[in-house]
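Scroll down for the structure; my scribbles are underneath it.
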Amino acid sequence: MVTTVKDGWELVVGLEVHVELNTVTKMWCGCLTDFGDDPNTNVCAVCTGQPGSLPVVNGEAIRSAALIGLAINCSIHEVSQFHRKNYFYPDLVKNYQISQYDVPICFEGHLELEVEGSPVRVGIERLHMEEDTGKSTHLGGSGRLHGADTSLIDYNRAGVPLMEVVSHPDIRDPETAQAYVRELQGIVEALGVSDARMDQGSMRVDANVSVRHPDDELGTRTEIKNLNSVRSVGRAIAHEAARQIAVLEDGGTIRLETRHWDEGRGVTETLRVKESVTDYRYFPDPDLVPVHCPAEWVEELRASLPELPAASRARLEAAGVDPAQAAALVSTTGMLAVLDGAVAAGADARTAANWLVGDIAGQVAAAGTTFADSGITGAHLGELLALVDDGSLSNNLAKQVVEHLVADRGARTPADVAEAEGLQQVSDTGELQAIVDQVVADNPDTVATIRDGNAKAIGALVGQVMKATKGQADPRATNELLRATIDG
Amino acid sequence: MTADLLTSSAADLAARMTARDVSAREVVDAHLDRIEATDGDGTGDRHVHAFLAVVADTARRHADDVDQRRVTGRDLGPLAGVPLALKDLITMRGAPTTVGSRILDGWVPPYDATVTERLRAADVIVLGKTNMDEFAMGSSTENSAFGPTRNPWDLGRVPGGSSGGSAAAVAACQAPLAVGTDTGGSIRQPAALCGLVGGKPTYGTVSRYGLVAFASSLDQAGPMARTVTDAALLQTVLMGHDPRDSTSIDPESVGQPYPDLLAHLDDGVEGLRIGVVTELQGEGYEPAVLAAFQASLDRFEALGAEVVEASLPHAPYGLPAYYLVAPSEASSNLARFDGVRYGLRVDAPTAEEMNAATRGQGFGPEVRRRIMIGTHALSSGYYAAYYAQASKVRRLIAQDFESAFGTVDVLVSPTSPTVAFALGDKTADPLAMYLNDVATVPASLAGVPAVSVPNGIDDAGLPIGLQVMGPLLGDDRCYRVARALEADLDLDLIARGPHALDAPA
Amino acid sequence: MALSEAEVRHVARLARLDLSDDDVAELAPQLSAILDYAQQVGEVAADDVEPMIHPFPVVNVVRADFPAPSLPRDQVLDGAPDVRDDRFAVPRIVAEDA
Ligand SMILES: [Mg+2]
Ligand SMILES: [Zn+2]
């Protein structure tokens, strides 16, 4: 059930997602894209805008842009052009950003999403290539821009290839916005063209939010910045919608403005008001020549597309995996590969999915790491499930094995873990019979009630056997032996 | 001895150095002394003030190195050891690049322009950086923030611009060669006003990497010299594909080789069809200029060329189109000068005020005018009528050239409507100054090559120039036609001027 | 077309140029005269003409995604008016980026 806004109102959201590519070098020069390095160490004449320097396009960035475009069902312009977006800001080395304007490389696509069990299609207006800016640190005040008395600029990030994906205002609820962002994230990950880490800024989302009475004209929108997790995307949109409705119902009006999302306080606040639409004076960049994407090149690219999240989900569901689990699996980095590995090693897809999304995900989270870093491989999972199948591990023991796998980052195989940690199931009847006889002898009353027909009471005795074997007794075998002994 | 070192052509100097009858060091010292004696610092009116910086030590070191390698029998380039004056818009490590502006105050470029690298690879010896109109915006070099350059033919007159320092240096025998840059005529017009040969290469044949940009789609660096052969030799050194400039022509990918400027340089004009551009003469051109032009046409015919009328119907719209396209690009190219990363900073409480104060005080009046024009021409509501419409007119002009070259081998016109004018004459009226470019901007907008060659001297003893324009990558034809006229006229320019300076002694 | 002093001020704001009142008073007529002259391009019928951006038609000039040496940090910072902690320092930024 998606979050609905107040009765009589409709929420309208469009998203602008900036995706930083993981190319080795920057968009226009050979400097490394490692902007985490010491300040101003990955910079040159070009990416610091030294007079006389000129940009030359990174061919890999064009290829990545087209790949993403095809993956989000866009058409590719056979000829596209770079424009200059002119505005002054200290982190922008040339005081214009090289971007694309009326002829972006990719246009008119869409994403098919599944939100709360029902299909939703969100249209995509365009994907265009541009360059990232430098990073400013604000001294004095709160460390935020406001109240700062000096700003320090590091241009390591200046010129890093940036792809901007602009959706149509087709989104009507926060959950769809979140699903859209997750889907885009999954796609660029599947393509391997970006780390798409919202927490690290390699994927940044701006939300254009407005409300209206159904069938009215679009209302005035506000643009929310600084959404650095899928969760904040949902929270910020819900909060902003409620705020706008409240303002309008008080007879107030919404200003065209940019708002900042304060994750801690869970509110959006005015960043700056746009008195008038900024005049960017776009014009074709005379330093760069047109980009040609011939149809045959585009088709080769299309043919090289890997399996994308939607297809993966469909494949899993066809294999009997529960849709919710399939979605979780595909949207968790590295999980799908592990599942495929386990299945290749002979595991049943549904069981493997249960373990991954259930216990394993839980223990990974508990260990405070990410699945990708957990060290768990398809081979591990395959072997673990095989051990459960052939009865050498009970579910309980298997969970204990997983704990160890996560703890030592998959350094040992499940079999080694079971061996070394003595996590083996006791099903050898001789050994078990002795313990059973002991338990029966120790609990005459319980045994009596069972003989009087209260079969359930046997559970207590099973429990005692388990206790005596530190959980390593095979429950099935234990049951049979107890019954035989009591009836015997 | 020194005298003829200063008056010799680059080709002769190179030949004598190859023959070892003179060393590169001797040649360089002679020119450095000449600069010392004639250049001044821009304050007095008895000096040329062609140079903003002289790199004497580097030049002498480079010369010694050339001499040494020559001794060890290493075969060197055709211009090895020849001194050159470099326009101060082209970056060179170890010396400031000012672009004639205060806004780059203190900036020493951290890299060499491709042009600078090619000159060094050819062992051409850079003596220093020459004066220019600020950011190459002007036609008289009076817009330099460091004082004007004076015309060696008459110190009361301008050398033209924006490459006025480069032109004056060569005319004053301070260097046999100079590199200028041409956006709307900035090599050809000063060449004409200083009695020199100046070439604007086909757009894309000389790398713009390291040229501080004025108008990116028009800027081209090119040669200035006292003879056609010297200019052709220098342009040959400058030309070449550069992967660092996306607009640089790669012969492979366009399937068309760069022109060989020397192979047929002396073949004459017999059998060539020379088109006289109807729209680039008549009203606004000084009688002496038109007379010299007509006389040259007669000579071409006498030399066996077929001289025909040719039309560039849209040429009259070239100047208005140019004064929209160039400022538009400039308004964006010059945005980076904001007091943050390099050059001048005028302090102010906020970043925005600091930017505005720095730019307001760092740029001179003409640069501010053009930034304003360009910003307006690109702004919402005006883009279509100004920048876009001008870019369409630009294509029509390019098409005019294309169809003209379907019937003629080259086009000719006067280079400048006037000879050198007095300092201060046109500074009050920007538009009057812009009109100097009327004959040179059409080729700039179309990207086609053009060469200005001296074709006479007026009654006041001031040089006049003729412009030869060719099709894209047809630079060789321009030089061939210019060479034929030069040989036939045989104007002894050194002897007849620059009489304003004590002749080289 | 005449450019009013108000328009001159607006353009100067876009161009981030500090102009004195005298500058504005002097520029208004000068810019108007230049624009009047430039206006002529409007006389040419060119609706169906493709604007010309590059004089020589070159396409698809790309670089391999292969690192080239960056500049030593000192060389980049040397030319800067104000440097702190190896970064370029600027006074308080008032407007958020456009
Ligand atoms: Mg953007
Ligand atoms: Zn760089």
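Protein chains in written order, with our numbering: chain E, 1 to 488; chain C, 489 to 993; chain U, 994 to 1091.
Quick reminder that beta carbons are idealized off the backbone N, C-alpha and C, glycines included.
Remember, predicted model here, so these are calculated numbers, not experimental data.
query: Where ARG1002/U meets chain E, residues with beta-carbon distance less than 9 angstroms; result: Here the premise fails: no neighbours, minimum Cβ distance about 14 angstroms.
query: Touching by the beta-carbon criterion (3+ pairs, under 8 angstroms), the region 606-619 of chain C and the region 870-886 of chain C; result: no
query: Residues sharing a beta bridge with TYR871/C, DSSP; result: According to DSSP, TYR871/C bridges with nothing at all.
query: Inter-residue CB distance, ARG965/C and VAL898/C (contact presumed, cutoff 8 angstroms); result: 5 angstroms
query: Distance, HIS729/C Cα to VAL1055/U Cα; result: 14 angstroms
query: Interface flag, ILE1027/U vs chain E, CB-CB below 8 angstroms; result: no
query: DSSP state of SER1063/U mapped onto helix, strand, coil; result: coil
query: Proximity to ALA177/E [Cα-Cα], best of ARG221/E, ILE237/E and ASN22/E; result: ILE237/E
query: Proximity test, GLY134/E beta-carbon vs ligand 3 heavy atom, cut-off 7 angstroms; result: No copy of ligand 3 appears in this structure; the ligands present are ligand 1 and ligand 2.
query: CB of ARG522/C within 8 angstroms of CB of GLN662/C, strictly; result: yes
query: Collapsed DSSP secondary structure at THR478/E in the structure displayed; result: helix
query: Contact set between the region 615-633 of chain C and chain U, restricted to residues whose Cβ is under 7 angstroms from the partner; result: none
query: Boundaries (first-last residue) of the beta strand (DSSP E) holding ILE372/E; result: It should be pointed out that residue 372/E corresponds to Ala in this sequence rather than to Ile. Where ALA372/E is concerned, there is no enclosing beta strand (DSSP E), given that its DSSP letter is neither H nor E.
query: Rounded Cβ spacing between VAL603/C and GLY698/C (contact assumed at less than 8 angstroms); result: 6 angstroms
query: 8 angstroms Cβ cutoff, TRP641/C in contact with chain U; result: no
query: THR4/E burial status per 10 Å Cβ neighbour count (16 or more: buried); result: exposed
query: Length of the line joining the Cα atoms of LEU183/E and ASP132/E; result: Residue 183/E is actually Glu in this sequence, not Leu. Their Cα atoms are separated by approximately 23 angstroms.
query: Segments of 4+ residues assigned as alpha helix (DSSP H) that fall wholly inside the region 840-927 of chain C; result: 853-866, 877-892 and 918-922
query: Segment limits, beta strand (DSSP E) that includes MET466/E; result: Unbroken run through MET466/E is the alpha helix (DSSP H), 458-468; no beta strand (DSSP E).
query: 3-residue-minimum beta strand (DSSP E) runs that sit fully inside the region 525-557 of chain C, ordered along the chain; result: 539-542
query: Cutoff 8 angstroms; reference ALA1091/U; Cβ partners in own chain excluding five residues on either side; result: With a pLDDT of 43 at ALA1091/U, under the threshold of 50, the predicted position of this residue should be treated as unreliable, though the coordinate-derived value follows. Once the five neighbours on either side are set aside, ALA1091/U has no close Cβ partner at all.
query: Through-space distance from TYR830/C to ALA1073/U, alpha-carbon basis; result: 4 angstroms
query: Bridge partners - VAL1084/U, DSSP secondary structure assignment; result: Reading off the sequence, residue 1084/U comes out as Pro, not Val. DSSP lists THR150/E as partners of PRO1084/U.
query: Buried versus exposed, by CB contacts within 10 Å (16 or more), GLN100/E; result: buried
query: Contacting residues, own chain, Cβ-Cβ under 6 angstroms from ASP553/C (five flanking each side not counted); result: none
query: Given 8 angstroms, three or more beta-carbon pairs between the region 82-96 of chain E and the region 826-846 of chain C; result: yes
query: Per-residue DSSP class, three states only, for ASP1090/U; result: Legend: pLDDT at ASP1090/U = 48, less than 50; position of this residue unreliable, value from coordinates given subsequently. It is coil, neither helix nor strand.
query: Chain E contact for ALA1091/U (CB, 8 angstroms cutoff); result: Here the model assigns ALA1091/U a pLDDT of 43, short of 50, so the residue's position is not dependable, and the following value carries that caveat. Judged by the 8 angstroms Cβ criterion, ALA1091/U is in contact with chain E.
query: Check: SER99/E C-beta below 7 angstroms from any heavy atom of ligand 1; result: yes
query: Residue closest to ARG732/C, alpha-carbon to alpha-carbon, out of VAL725/C, GLN769/C, THR693/C and ASN843/C; result: THR693/C
query: Contact set, ligand 2 heavy atom to C-beta under 5 angstroms; result: CYS29/E, CYS31/E, CYS44/E, VAL46/E and CYS47/E
query: Contact residues within the region 86-105 of chain E, judged by C-beta distance below 8 angstroms to chain C; result: ASN86, PHE88, PRO90, VAL93, LYS94, ASN95 and TYR96
query: ASN1085/U at chain C interface by Cβ criterion, 8 angstroms; result: At residue 1085/U the sequence reads Arg, which differs from the Asn that was named. So yes, ARG1085/U belongs to the interface.
query: Contacting positions in the region 694-712 of chain C - beta carbon closer than 9 angstroms to chain U; result: SER705 and LEU706
query: DSSP three-state assignment for LEU1024/U, whether helix, strand or coil; result: helix
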